[in-house]
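Student:
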Amino acid sequence: MKMNAVYEKIESMRDDMVNALCSIIRIPAISPKSGGEGEAKKAELITRMLNDIGFDSIERYDAPDNSAPTGVRPNIVARMKGEGDKNLWIVVHMDVVPPGDLRLWKTNPFEPVVKDGKIIGRGAEDNGQELIASLFALKALKSLGYRPKMNVNLAIVADEETGSDYGIKYLIDKGLFNKEDLILVPDGGNSEGTLIEIAEKSIVWIKFTTKGKQCHASMPDLGINAFKASIILANRLIEELPKKFNATDELFDRPYSTFEPTKKEANVPNVNTIPGEDIFYMDCRILPLYNVNDVLEFIQSVARDVEKETGARISVEVVQGGQAPPPTPKDAEIVGMLSKAIKKVYGVDAKPGGIGGGTCAAIFRQRGYNAVVWSKIDDTAHSPNEYAIIDNLVGDAKVYATLFLES
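Numbered by our numbering, the letters in the sequence shown go through residues 120 to 526 in order.
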């Protein structure tokens, strides 16, 4: 059996896959927006890996970015021709988020550690696991002399973690994709491998600036406490938003909208001063059945009420976000193909569903492409001590190989 030979080949490359993932973890590919140098060095290493496999073509699409030391953000497209004319895209990303508080890490985030069946390091799961898994699936086919059923295009992109302007959006604008193409973005999932993500919530980040009147803390009546007004506003929003927008949708893993206060900026440096300005932020994940503008109008109305109560002035600014696109249809061709491959490798029934996070798939859907998200992960992305499970790395490679050969 052809598939059995491929599975055996992938198993024989287990150590090579681990070493390859470790090698890309060692190169921090952090966006210039987050204080890094971008993806150039990692792109060089990945290009060497691709050359060793022997793709039919490997192309660079460099997005100009003056904030990067090289002046560009690299994107790589590697193509392997298939027996038919249809195109299957696997879209993975090179960039990673910063490690965060190093005190929470048990190891150096960019010195990978292999322990207890895991590879620990920043970017191990997000998105190194699937980058290496998809690459080695194609390496197994190539080494055995097999051609995929359809053209397989591996897009290894920049800038996924900070907006995708220099990554997937750049490639879409270059006209690389067709509406009939099958698109898989392996950048999310669950620990059982049973979630094929076809929908995302609307993501909106909001900055609230509350302005009052600074004064001495011993005479609060002479000022307007901006921090107190922020507290009142935050509490009001926490209480009222879930009541107002209380619909549920069982397509999603958390079937409701969420409205969470998150970041808080410093106001005054000393304890005995009433702050005249205060700033906080909220992260809103809104079910796509709601119009984001309706949510923002309600938030503005709550802010106006708090202004009247406190005398403070409140500005509401959308920092990032917008309306979620329509879901990929549950019966889309890629959904059925992928679920069959998952069943064959893992023996589980994967079902289409929705998530609260954001991936490149939403960008595709906004442009009218049917994209899905899948991988078998423990969801440690962006966390201290992020890790990839080696069995998932190898198993997901088998899923991709099945997709390439049997679809």
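Just so you know, even glycine gets a beta-carbon here, dropped at the ideal spot from N, CA and C.
Report yes if the C-beta distance between leucine 408 and lysine 320 is below 8 Å; otherwise report no.
Tutor: Locating residue 408 in the sequence shown gives position 289, where the first residue counts as 1. Locating residue 320 in the sequence shown gives position 201, where the first residue counts as 1. No, Cβ-Cβ distance for leucine 408 and lysine 320 is not below 8 Å.
Student: Kindly indicate which three-state DSSP category serine 131 falls into: helix, strand or coil?
Tutor: Within the sequence shown, residue 131 is the residue found at index 12, counting from 1. Serine 131: helix per DSSP, three-state reduction.
Student: Note the first and the last residue of the continuous alpha helix (DSSP H) segment covering arginine 484.
Tutor: Stepping through the sequence shown from its first residue, residue 484 is reached at position 365. Segment 479 to 485, the alpha helix (DSSP H) holding arginine 484.
Student: Measuring CA to CA, which of Glu436, Ala124, Ser526, Val435 is closest to glycine 455?
Tutor: Position 336 of the sequence shown, counting from 1, holds the residue named residue 455. Per the Cα distances, Ser526.
Student: Where do the N-terminal and C-terminal ends of the alpha helix (DSSP H) with valine 464 fall, by residue?
Tutor: Your numbering for residue 464 matches position 345 in the sequence shown. From DSSP, the alpha helix (DSSP H) with valine 464 extends over 452 to 465.
Student: Thinking alanine 139 and leucine 263 are a contact (beta carbons under 8 Å), I'd like their distance in whole angstroms, please.
Tutor: In the sequence shown, residue 139 corresponds to position 20, counting from 1. In the sequence shown, residue 263 corresponds to position 144, counting from 1. Rounded to the nearest angstrom, the Cβ distance from alanine 139 to leucine 263 is 19 Å, too far for a contact under 8 Å.
Student: If leucine 352 sits next to phenylalanine 378, beta carbons under 8 Å apart, how far is it from one beta carbon to the other, in whole angstroms?
Tutor: Translated into the one-based positions of the sequence shown, residue 352 becomes position 233. Translated into the one-based positions of the sequence shown, residue 378 becomes position 259. At roughly 12 Å, the Cβ-Cβ gap does not stay under 8 Å, so leucine 352 and phenylalanine 378 are not in contact.
Student: Keeping to the same chain, check which residues put their C-beta closer than 6 Å to that of aspartate 529; ignore five residues upstream and five downstream.
Tutor: Here the chain has residues from 120 to 526 only, and residue 529 is not among them.
Student: Beta-carbon separation of arginine 145 and glutamate 279 under 8 Å?
Tutor: Here residue 145 refers to the residue found at position 26 when the sequence shown is read from its first residue. Here residue 279 refers to the residue found at position 160 when the sequence shown is read from its first residue. In this structure, the beta-carbon distance from arginine 145 to glutamate 279 does not fall below 8 Å.
Student: Under a three-way DSSP split, which group does lysine 298 fall into?
Tutor: Working through the sequence shown from its first residue, we reach residue 298 at position 179. Of the three classes helix, strand and coil, the one that applies to lysine 298 here is coil, per DSSP.
Student: Keeping to the same chain, check which residues put their C-beta closer than 6 Å to that of valine 276; ignore five residues upstream and five downstream.
Tutor: Position 157 of the sequence shown, counting from 1, holds the residue named residue 276. Excluding sequence neighbours, valine 276 sits near Asn194, His212, Gly286, Ile287.
Student: DSSP state of threonine 328, grouped into three classes?
Tutor: Along the sequence shown, one-based indexing puts residue 328 at 209. Here threonine 328 sits in strand by DSSP.
Student: Which residue wins for smallest C-alpha separation from isoleucine 540, given the options Asp340, Thr429, Lys293?
Tutor: Look at the range of the chain in this structure, 120 to 526, and you will see that residue 540 is not part of it.
Student: Alpha carbon to alpha carbon, what distance is there between proline 217 and glycine 154?
Tutor: On the sequence shown, position 35 is the one that residue 154 refers to. On the sequence shown, position 98 is the one that residue 217 refers to. One C-alpha to the other measures close to 8 Å.
Student: Enumerated in chain order, which unbroken segments of the beta strand (DSSP E) with a length of 3 residues or greater are wholly contained in the stretch 163 to 234?
Tutor: 176 to 179, 195 to 199, 206 to 212, 232 to 234
Student: Could you give the DSSP three-state label for alanine 516: helix, strand or coil?
Tutor: Residue numbering aside, residue 516 sits at position 397 when the sequence shown is read from its first letter. Of the three classes helix, strand and coil, the one that applies to alanine 516 here is helix, per DSSP.
Student: For arginine 241, does the three-state DSSP call read helix, strand or coil?
Tutor: Start at 1 with the first residue of the sequence shown, and residue 241 comes out as number 122. Collapsing the DSSP output to three states places arginine 241 in coil.
Student: Quick check on the burial criterion: 16 or more other C-beta atoms within 10 angstroms. Buried or exposed for aspartate 300?
Tutor: The residue labelled residue 300 in the question sits at position 181 within the sequence shown. Per the 10 Å Cβ criterion, buried.
Student: In whole angstroms, what separates the C-alpha of valine 233 from that of isoleucine 239?
Tutor: Residue mapping note: residue 233 aligns to position 114 of the sequence shown, counting from 1. Residue mapping note: residue 239 aligns to position 120 of the sequence shown, counting from 1. About 6 Å.
Student: Roughly how many angstroms separate the alpha carbons of asparagine 354 and aspartate 413, rounded to a whole number?
Tutor: Residue mapping note: residue 354 aligns to position 235 of the sequence shown, counting from 1. Residue mapping note: residue 413 aligns to position 294 of the sequence shown, counting from 1. Cα to Cα, asparagine 354 sits roughly 20 Å from aspartate 413.
Student: Rounded to whole angstroms, what is the Cα-Cα separation between leucine 457 and tryptophan 224?
Tutor: Locating residue 457 in the sequence shown gives position 338, where the first residue counts as 1. Locating residue 224 in the sequence shown gives position 105, where the first residue counts as 1. Those two C-alpha atoms are separated by around 35 Å.
Student: In whole angstroms, give me the CA-to-CA distance for aspartate 214 and glycine 157.
Tutor: Within the sequence shown, residue 214 is the residue found at index 95, counting from 1. Within the sequence shown, residue 157 is the residue found at index 38, counting from 1. Their Cα atoms are separated by approximately 7 Å.
Student: Consult DSSP for serine 349 and reduce its assignment to one of helix, strand or coil.
Tutor: Sequence index remark: in the sequence shown, residue 349 carries index 230 (1-based). In this structure, serine 349 counts as helix in the three-state DSSP scheme.
Student: Residues in the same chain with beta-carbon distance under 6 Å from lysine 205, minus the five sequence neighbours each way, listed in chain order, please.
Tutor: Here residue 205 refers to the residue found at position 86 of the sequence shown. For lysine 205, where only same-chain residues beyond five positions count, the Cβ hits under 6 Å are Met269.
Student: In the DSSP assignment, what residue or residues form a beta bridge with glycine 440?
Tutor: By 1-based counting over the sequence shown, the position of residue 440 is 321. Glycine 440 is bridged to Val323.
Student: Which runs of the beta strand (DSSP E), 3 residues or longer, sit entirely within the stretch 238 to 285?
Tutor: 270 to 276
Student: Could you tell me whether the stretch 504 to 513 touches the stretch 465 to 481, using the rule of 3 or more Cβ pairs below 8 Å?
Tutor: In short, these stretches do not touch, since the Cβ pair count stays below three.
Student: Going by C-alpha to C-alpha distance, which of Thr478, Ser434, Ala336, Gly473 sits closest to glycine 440?
Tutor: Within the sequence shown, numbered from 1, the residue matching residue 440 stands at position 321. Nearest of Thr478, Ser434, Ala336, Gly473 to glycine 440, Cα basis: Thr478.
Student: Using a Cβ-Cβ cut-off of 7 Å (strictly less than) and excluding sequence neighbours within five positions of serine 150, which residues of its own chain qualify?
Tutor: Residue numbering aside, residue 150 sits at position 31 when the sequence shown is read from its first letter. Within the same chain, serine 150 has close Cβ partners Gly157, Asp214, Asp278, Glu280, Thr281.
Student: Do you know how far the Cα of isoleucine 317 is from the Cα of proline 445?
Tutor: Start at 1 with the first residue of the sequence shown, and residue 445 comes out as number 326. Start at 1 with the first residue of the sequence shown, and residue 317 comes out as number 198. C-alpha separation (whole angstroms): 9 Å.
Student: Relative to the alpha-carbon of leucine 415, which residue among Lys298, Val438, Ile398, Gln248 has its alpha-carbon at the smallest distance?
Tutor: Numbered from 1 along the sequence shown, position 296 holds the residue referred to as residue 415. The residue with the shortest Cα to Cα distance from leucine 415 is Val438.
Student: Which term fits aspartate 184, buried or exposed, when burial requires 16 or more other beta carbons within 10 angstroms of its beta carbon?
Tutor: One-based indexing of the sequence shown puts residue 184 at position 65. Buried, because 16 or more other Cβ atoms sit within 10 Å of the Cβ of aspartate 184.
Student: Within 10 Å of its beta-carbon, does aspartate 135 have 16 or more other beta-carbons around it, so buried, or fewer, so exposed?
Tutor: By 1-based counting over the sequence shown, the position of residue 135 is 16. So aspartate 135 ends up on the exposed side.
Student: Which residue marks the beginning of the alpha helix (DSSP H) containing lysine 449, and which one marks its end?
Tutor: For this step, residue 449 is matched to residue 330 along the sequence shown. First-last for lysine 449: undefined, no H or E at that position.
Student: In this structure, how does DSSP classify valine 390 when only helix, strand and coil are distinguished?
Tutor: For this step, residue 390 is matched to residue 271 along the sequence shown. Valine 390: coil per DSSP, three-state reduction.
Student: Of the choices Gly473, Phe174, Leu524, Ile496, whose alpha-carbon is the least far from that of alanine 243?
Tutor: Mapped onto the sequence shown, residue 243 falls at position 124. Checked all of Gly473, Phe174, Leu524, Ile496; the closest Cα to alanine 243 is Ile496.
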